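Numbering (my numbering), first residue to last: -3 to 87. Cβ atoms here follow ideal geometry from the backbone N, Cα and C, with glycine treated the same way. None of the values given here were measured: they were computed from a predicted structure.
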């Protein structure tokens, strides 16, 4: 099996009682959910599908921005930043 693991920084925030997961490098993969756990799970899936879609159309997949740079730019007391990692071979 060929493993195709990708990891991108994600900005996680709460908006109107919902959890938003935003990928600054791939906003098409952003998700919004009532439940934080579901939002993070859907973010893994959305990330995989977005990258697969770009690759299948021979479009450039942006390189992930360094996690530390995203933390500097976005992280606050109410906003967290973490890497979301997914295995494209699962999709």
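- Beta-bridge partners of residue 80 (DSSP): 4.
- Around the C-beta of residue 58, fewer than 16 other C-beta atoms lie within 10 Å, and the residue is accordingly described as exposed.
- The C-alpha of residue 31 lies about 10 angstroms from the C-alpha of residue 37.
- The beta carbon of residue 17 sits closer than 6 angstroms to the beta carbons of 6, 8, 27, 35 and 39 from its chain, once the five residues preceding and following it are set aside; these are given in chain order.
- DSSP lists 11 as the beta-bridge partner residues of residue 14.
- Around the beta carbon of residue 1, a 10 Å sphere encloses fewer than 16 other beta carbons of the protein chains shown; the residue is thus reported as exposed.
- Across the set 67, 29 and 25, the C-alpha of 25 shows the shortest separation from the C-alpha of residue 47.
- Residue 47: member of the alpha helix (DSSP H) spanning 32 to 52, first to last residue.
- Of the candidates 23, 29, 78 and 67, 23 places its Cα closest to the Cα of residue 50.
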